[in-house]
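Colleague:
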Amino acid sequence: MQVSMNINGEPITADIEARKLLVHFIREDAGLRGTHWGCDTSNCGTCTVWVDGEAVKSCTVLAAQADGHEVRTVEGLEGADGLDPVQQGFIECHGLQCGFCTPGMLMTARWFLDRNPSPTKDEIREAISGQICRCTGYKNIVDAIHWAAEHPRTNEVTA
Amino acid sequence: MTAVEEVPLSPAGNPIGFGNMKRVEDQRFVRGHGNYVDDVSLPGMVHGAILRSPFAHARINGIDTSRAEQLPGVLAVITGKVLEGIPRPDLLGDNFAWMPTLSYDTQAVLATDKVRFQGQEVAFVIATDRYIAKDALELIDVDYEPLEPVMDAKRAMEPGAPIIRDDKGQQDNSITDVHGHKDWESGNAIGTAEAIAAAQADPDCVVVTQEVMYPRVHPAPMETCGSVAFLDKVTGQLTLYTTSQAPHAHRTVYAMVAGLPEHKIRVISPDIGGGFGNKVGIYPGYVLSIVGSIVTGKPVKWMEDRNENLTSTSFARDYHMTGTIAATKEGKILAVDVDVLADHGAFNGVAQPTNYPAGFFHIFSGSYDYPNAHCKVTPVYTNKAPGGVAYACSFRITEAVYLIERLVDCLAAELGMDPAELRLKNLLRPEQFPYTSPTGWVYDSGQYENTMRLALEMADYDQLRREQAEKRARGEYMGIGLSFFTEGVGAGPRKDMDILGLGMADGIELRVHPTGKAVLRLSVQSQGQAHETTYAQIVAHELGIPPEDIEVVHGDTDQTPFGLGTYGSRSTPVSGAAAAVVSRKVKDKARQIAAAALECSPDDLEWQLGQWHVKGDPERAKTIQEIALLSHGSLELPDGVEGHLEATTVYNPPNLTYPYGCYVCVVDVDPGTGQVKVRRFIAVDDCGTRINPMVVEGQVHGGIADGIGMALMELIAFDEDGNCLGGSFMDYLLPTSMECPDYELGETVTPSPHHPIGAKGVGESATVGSPPAVVNAVIDAISPFGVRHADMPLTPANVWRAIQGRPVRVDMAVE
């Protein structure tokens, strides 16, 4: 079947099997390798992207379900003015080690801060509780998102 | 909480030396520009998928691949029979169906005669697309004849138990043929037995025996294992992109196993999404991707799915330990004796130094001063996945520390003594270092009491005990758990330590370019440890070159010198030392060149960070950058001094390094539900010199989370039919942000006397030290119910059962 979507504002159309997962479409058809695959069961969250501005786990969404929708991935976070504060926050607070969970963490973090710009650390912990990180023990990720909350972004990214 | 020596800052604001520095690696990772194995895409690449056994133990009477071969898009289906037909010209086996493990055992690449664990590799499909490859697996018909599975190490040792390794002509399930090590024993058996017998007879002494299981867990890095192999038939070059913590060692093993010329093999480990020991071993999937490329002539990618990762690749632990500790009633430890039943799964695939078949488990005497210790380890085969040394275990020091720290708490309970007081009475004293342990380890340095007192002070231990007493009086159950651990890391001295005959020394190469920028080429392999940042800091510390001017190259055997890789916390102790030594070689050469340029004797020069200058005349100086240009220029050099500014070295560590620490965990337990909440976690680590304290603390954070996971949640269990019950993240529970507290870290710094920069390594410290702190806290909380021990994971159900006095075997789904 043919599907079309915008990914990070760029249109893409491809002929795919109906069963193709969105994570594989993003990685293989759109060639955006920043979105990772980690578990198959929606537990780890490294595949998190936005569909129409909502954070979703792309290993559990069919590419066909995103047909006609707006998708945003980690590659779409950086704007003309530089890194999004969540990206900068992860650098400032040592919020990553191997980097594999980071794209999903960043997408969830930005989605969350857009809805709760001044969260408590407990609220941040709850927001990322669907994302697994094996390296950091989460403390620095929480700090990184808190840092980002204190540094509002200048790039406006929608969807 | 980190004391950092003031060092000058570079133009980019980075420390020219040790101190907090933001990671070079982060720039690509936060943009989604990392390059992991699954991101590799080669022209014409096809995809492999593995058919795995649904049975833990079954005879294979036949495999019909014809339907799979007919599926459009399928290029080839490879079975064990196919591999048996490919002769292999080496001493390790005669065909490709079997491969050597890192422990001198054999492991089936694809099963031929029997399957020996659920998830074992049975057939390999190569197809144009990963979905088609998986479809084809469904079309392979295997005629299995189920056999009785052996899922319990105790059952494996019983007379009449099914023989798992009949392929080797075994008459039982014991592992006895590991490189001649029939005896997995260490310490003084007679002295320890006599000391325990004497204590038993002495009314002023106590003897406590406790069975302690460290159940099977899995490292579960976020990135699963995989590879992309391409054998170019024209050039004969094999390029293998792979998730390897040890690319050089892997290349040599592939050369030995496949009979391929080593100079025609290039192993590339790009960015690795976490390792924790999961990516040390060589898995059948890697070999199959190579075979697949040989068969199809195309690049073949194989990536595990999560179920494959959890059920077939390197597990950790599975140690059934019984410890006996003897002490005086005043709390002076006299002796410890340990008996271990070690479950190695279906193939002995542990990755550890040859002379250490039970790893470094015999460091179990721990951080305490007593003369008599002895352990005996009995390794057995079961119908479980192979592996055993993984999950940041420091070659099984994790098991050792867990055992001794649980025993000390059991002893404290028996004596009615505070566990902190008991530890303080027995800790090694500073004047005892270097200290030779009763099982032969030579601890390099330590000021244990200082470290412990800092941890107790940070925790406000006495206040916690008062709070606990008040809460108990009103029926609330909080627990305070301690652990004190000593690790031996940085394997290791080559006269003692090798893996498959490869000595555990590491090469390194440093070149300073004419303009004073430098490239450092490492043998070790980051999986998140920030080598690109911290190794530049080591060179900066030694030479004064700004770290941003130093490129660190790793992960490509064509680009880097030989070495054994990153695991067992060995990078900083071994390769980090190499980085300092090679920098000093360059500095010595720079001195000769500076002397020639300044027309003086090298002896007249003194070093000030970044330059050589004439003693007493700092104006007459040459910076390292100026010297780099001079070394490439037309300056007449003294006899014996070659042009260019570069050096290589191979670092052979004289001893292990011995990082240590003291951890305090505070938990609240709901006795009605068994729910445990980790409220606080205080960690004071002494890993010697800290190159980048931010990175050290990050590694400690991660290790504490591992410990909380293992203590409370993580478990690879099996049912009696051999089904793995931890095959997905729905069942294998990892800690999330909700289970982990805001860690409180402290530090003491006792440099290693034999390491060039005094660093000891820290990668596994917290994973080793934190599980006993959490378990001791939970047991402390529920001790009013008469509980002295309960096995991990302390899930709500297991805590509740312990409180009810009805504990069960946690590793088996049978009551």
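Quick mapping for you: the protein sequence lines, in order, are chains A and B. Anchor point for the first sequence: position 61 equals 61 in the numbering used here, and the numbering is continuous, going up by one each time. One rule links them: number in the numbering used here = place in the second sequence (from 1) + 1000. All C-beta atoms in this analysis are idealised placements derived from N, C-alpha and C, irrespective of residue type, glycine included.
Can you find a C-beta in chain B that's less than 8 Å from the C-beta of A/P152?
Modeller: no
Colleague: As a quick exercise: from B/Q1070, B/A1068, B/F1729 and B/D1271, pick the residue whose alpha carbon is nearest that of B/E1714.
Modeller: B/F1729
Colleague: Answer yes or no: does any C-beta atom of chain B fall closer than 8 Å to that of A/R110?
Modeller: no
Colleague: Give the DSSP-derived three-state secondary structure of B/F1562 in the structure shown.
Modeller: coil
Colleague: With 9 Å as the C-beta to C-beta threshold (strictly closer), list the residues of the segment 121–137 of chain A near chain B in chain order.
Modeller: K121, I124, R125, E126, A127, I128, S129, G130, Q131, I132, C133, R134, C135, T136 and G137
Colleague: Among residues of its own chain, excluding the 5 on either side of B/P1756, which ones have a beta-carbon nearer than 8 Å to its beta-carbon?
Modeller: Within the same chain, B/P1756 has close Cβ partners A1577, A1580, V1581 and R1584.
Colleague: Should B/S1010 be flagged as near chain A, meaning a C-beta pair shorter than 8 Å?
Modeller: no
Colleague: Closer than 9 Å by beta-carbon distance: list the chain A residues that pair up with B/D1271, in chain order.
Modeller: Here the neighbours are C98, G99 and F100.
Colleague: Taking C-beta to C-beta, are B/G1702 and A/T136 nearer than 8 Å?
Modeller: yes
Colleague: Starting from the C-beta of A/K57, find all residues in its chain whose C-beta is less than 7 Å away, skip the five residues before and the five after it, and write them out in chain order.
Modeller: S42, G45, C47 and T48
Colleague: Taking only beta-carbon positions, decide if B/R1306 is within less than 8 Å of chain A.
Modeller: yes
Colleague: Counting only beta-carbon separations shorter than 8 Å, does A/D81 have a partner in chain B?
Modeller: The beta-carbon of A/D81 is placed no less than 8 Å from the nearest beta-carbon of chain B.
Colleague: If you draw a straight line from the C-alpha of B/R1266 to the C-alpha of B/M1256, how long is it?
Modeller: 14 Å
Colleague: Taking only runs of the alpha helix (DSSP H) that begin and end inside the segment 1046–1115 of chain B, which ones reach a length of at least 4 residues, in chain order?
Modeller: Considered as a whole, the segment 1046–1115 of chain B harbours 1066–1070 and 1080–1084 as its complete alpha helix (DSSP H) runs of no fewer than 4 residues, in chain order.
Colleague: Whole angstroms is fine: what's the gap from B/S1737's alpha carbon to B/D1719's?
Modeller: Computed Cα separation, rounded: 30 Å.
Colleague: Beta carbons nearer than 9 Å to chain B: which residues of the segment 8–39 of chain A have them?
Modeller: E17, R19, K20, H24, R27, E28, G31, L32, R33, G34, T35, H36, W37, G38 and C39
Colleague: Does B/P1741 pass the burial test, meaning 16 or more other C-beta atoms within 10 Å, or should it be called exposed?
Modeller: buried
Colleague: Does DSSP put B/D1183 in a helix, a strand or coil?
Modeller: coil
Colleague: Would you check if there are 3 or more beta carbon pairs closer than 8 Å linking the segment 1393–1406 of chain B to the segment 1443–1458 of chain B?
Modeller: no
Colleague: Counting only beta-carbon separations shorter than 8 Å, does B/V1030 have a partner in chain A?
Modeller: Yes, its Cβ sits closer than 8 Å to a Cβ of chain A.
Colleague: Could you check how far apart the C-beta atoms of B/V1489 and B/S1569 are, in whole angstroms? I think they sit under 8 Å.
Modeller: 4 Å
Colleague: Residues in the same chain with beta-carbon distance under 6 Å from B/P1547, minus the five sequence neighbours each way, listed in chain order, please.
Modeller: N1014, A1536, Q1537 and A1540
Colleague: Listed in chain order, which residues of the segment 1366–1387 of chain B have Cβ atoms closer than 8 Å to some Cβ of chain A?
Modeller: none
Colleague: For B/R1028, which of helix, strand or coil comes out of DSSP?
Modeller: helix
Colleague: Taking the alpha carbon of B/P1219 as the reference point, which residue from B/G1273, B/G1277, B/A1229 and B/P1162 has its own alpha carbon closest?
Modeller: Of B/G1273, B/G1277, B/A1229 and B/P1162, the residue nearest in Cα terms is B/G1277.
Colleague: So, helix, strand or coil for A/K57, using DSSP?
Modeller: The three-state reading of DSSP puts A/K57 in strand, counting E and B together.
Colleague: Is it right to say B/I1060 is buried, meaning 16 or more other beta carbons lie within 10 angstroms of its own, or is it exposed?
Modeller: Buried, because 16 or more other Cβ atoms sit within 10 Å of the Cβ of B/I1060.
Colleague: Determine the extent of the alpha helix (DSSP H) in which B/D1135 is found, giving its start and end residues.
Modeller: R1130 to L1137
Colleague: Is it the case that the Cβ atoms of B/G1273 and B/P1221 are separated by a distance below 8 Å?
Modeller: yes
Colleague: Is the CB of B/S1394 under 8 Å away from at least one CB in chain A?
Modeller: Answer no: the Cβ-Cβ gap between B/S1394 and chain A never drops below 8 Å.
Colleague: Using only the alpha-carbon positions, how far apart do B/M1694 and B/V1700 sit?
Modeller: Spanning the two alpha carbons is a distance of roughly 10 Å.
Colleague: Suppose contacts are defined by Cβ-Cβ distances below 8 Å. Is B/V1295 in contact with B/A1076 by that definition?
Modeller: yes
Colleague: If the cut-off is 9 Å on Cβ atoms, which residues from the segment 1678–1707 of chain B count as contacting chain A, listed in chain order?
Modeller: M1694, V1695, E1697, G1698, Q1699, V1700, H1701, G1702, G1703, I1704, A1705 and D1706
Colleague: When Cβ atoms are compared, which residues of the segment 1528–1546 of chain B fall closer than 8 Å to chain A?
Modeller: G1528, Q1529 and A1530
Colleague: Among B/A1153, B/T1750, B/A1459 and B/S1053, whose alpha-carbon lies nearest the alpha-carbon of B/F1681?
Modeller: B/A1459
Colleague: Give me the Cβ distance between B/A1392 and B/V1280, rounded to the nearest whole Å; I'm assuming they're in contact under 8 Å.
Modeller: Contact flag wrong, Cβ pair sits at about 11 Å.
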